[in-house]
Amino acid sequence: MSSSDVSYVSSSESEAAETEVEGSSNSSGHETSDDETGDAYANEPIADEEWLAQHEEERKTEEELEKKLQNRLSGAEDIKEWLVCIVSCC
(Lines of atoms letter the chains of each structure in order from A and count residues from 1; the text may use other names and numbers.)
(Lines give C-alpha, C1' and ligand atoms only; values in the text may rest on other atoms or scores of the structure.)
Protein backbone atom coordinates (compact mmCIF):
# COMPACT_ATOMS: atom_id res chain seq x y z
CA MET A 1 0.00 0.00 0.00
CA SER A 2 1.51 3.30 -1.01
CA SER A 3 0.96 6.62 0.67
CA SER A 4 -1.18 7.72 -2.29
CA ASP A 5 -3.68 4.92 -1.51
CA VAL A 6 -4.39 6.26 1.98
CA SER A 7 -6.86 9.10 2.42
CA TYR A 8 -6.95 11.07 5.62
CA VAL A 9 -10.16 12.47 7.09
CA SER A 10 -10.00 15.16 9.72
CA SER A 11 -11.76 14.50 13.00
CA SER A 12 -14.25 17.30 12.38
CA GLU A 13 -15.26 15.75 9.04
CA SER A 14 -15.62 12.36 10.70
CA GLU A 15 -17.75 13.78 13.53
CA ALA A 16 -19.95 15.60 11.02
CA ALA A 17 -20.58 12.35 9.15
CA GLU A 18 -21.45 10.53 12.39
CA THR A 19 -23.80 13.31 13.45
CA GLU A 20 -25.51 13.19 10.08
CA VAL A 21 -26.13 9.45 10.40
CA GLU A 22 -27.19 9.59 14.07
CA GLY A 23 -29.38 12.61 13.55
CA SER A 24 -31.25 11.30 10.55
CA SER A 25 -34.90 10.73 11.24
CA ASN A 26 -34.87 7.36 9.55
CA SER A 27 -31.45 5.91 10.30
CA SER A 28 -32.75 2.34 10.51
CA GLY A 29 -33.99 2.36 6.93
CA HIS A 30 -37.47 1.19 8.00
CA GLU A 31 -40.27 3.62 7.42
CA THR A 32 -43.34 3.50 9.65
CA SER A 33 -46.34 5.59 8.79
CA ASP A 34 -48.89 6.73 11.33
CA ASP A 35 -51.46 4.42 9.72
CA GLU A 36 -49.37 1.32 10.47
CA THR A 37 -49.01 1.98 14.20
CA GLY A 38 -52.70 1.40 14.91
CA ASP A 39 -52.66 -1.89 13.06
CA ALA A 40 -50.21 -3.55 15.46
CA TYR A 41 -52.99 -5.06 17.59
CA ALA A 42 -55.74 -5.15 14.98
CA ASN A 43 -56.08 -8.95 15.26
CA GLU A 44 -56.22 -8.96 19.07
CA PRO A 45 -59.62 -9.24 20.78
CA ILE A 46 -60.98 -6.13 22.46
CA ALA A 47 -61.32 -6.35 26.25
CA ASP A 48 -64.89 -7.03 27.31
CA GLU A 49 -66.62 -6.13 30.59
CA GLU A 50 -65.91 -9.55 32.13
CA TRP A 51 -62.18 -9.29 31.42
CA LEU A 52 -62.07 -5.72 32.73
CA ALA A 53 -63.80 -6.75 35.97
CA GLN A 54 -61.40 -9.66 36.46
CA HIS A 55 -58.40 -7.44 35.72
CA GLU A 56 -59.58 -4.81 38.21
CA GLU A 57 -60.08 -7.48 40.89
CA GLU A 58 -56.58 -8.87 40.29
CA ARG A 59 -55.13 -5.36 40.46
CA LYS A 60 -56.88 -4.67 43.78
CA THR A 61 -55.64 -7.99 45.20
CA GLU A 62 -52.07 -7.16 44.16
CA GLU A 63 -52.34 -3.68 45.72
CA GLU A 64 -53.62 -5.15 49.01
CA LEU A 65 -50.78 -7.68 49.10
CA GLU A 66 -48.21 -4.99 48.34
CA LYS A 67 -49.58 -2.76 51.13
CA LYS A 68 -49.55 -5.69 53.56
CA LEU A 69 -45.95 -6.59 52.69
CA GLN A 70 -44.86 -2.94 52.93
CA ASN A 71 -46.39 -2.75 56.42
CA ARG A 72 -44.46 -5.85 57.44
CA LEU A 73 -41.24 -4.48 56.00
CA SER A 74 -41.60 -1.09 57.67
CA GLY A 75 -42.56 -2.62 61.02
CA ALA A 76 -46.03 -1.07 61.03
CA GLU A 77 -47.50 -4.56 61.44
CA ASP A 78 -46.29 -6.46 64.50
CA ILE A 79 -44.26 -9.55 63.67
CA LYS A 80 -46.45 -11.65 65.99
CA GLU A 81 -49.42 -10.95 63.73
CA TRP A 82 -47.92 -12.53 60.64
CA LEU A 83 -45.00 -14.77 61.59
CA VAL A 84 -46.04 -18.36 62.15
CA CYS A 85 -43.51 -20.66 63.75
CA ILE A 86 -44.06 -24.37 63.57
CA VAL A 87 -42.31 -26.28 66.30
CA SER A 88 -42.18 -30.01 65.90
CA CYS A 89 -41.24 -32.41 68.61
CA CYS A 90 -39.18 -35.46 67.72
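Using our numbering, read the sequence shown as starting at 108 and increasing by one per residue. Glycine is no exception: its CB is placed at the ideal position from the N, C-alpha and C atoms. Owing to the predicted nature of the structure, the values given are computational and were not obtained by experimental measurement.
Query, Result
"Per-residue DSSP class, three states only, for L190", "coil"
"N- and C-terminal bounds of the alpha helix (DSSP H) containing N178", "E156 to S181"
"Alpha-carbon to alpha-carbon, E151 and E169", "25 Å"
"Inter-residue Cα distance where the pair is A147 and E165", "26 Å"
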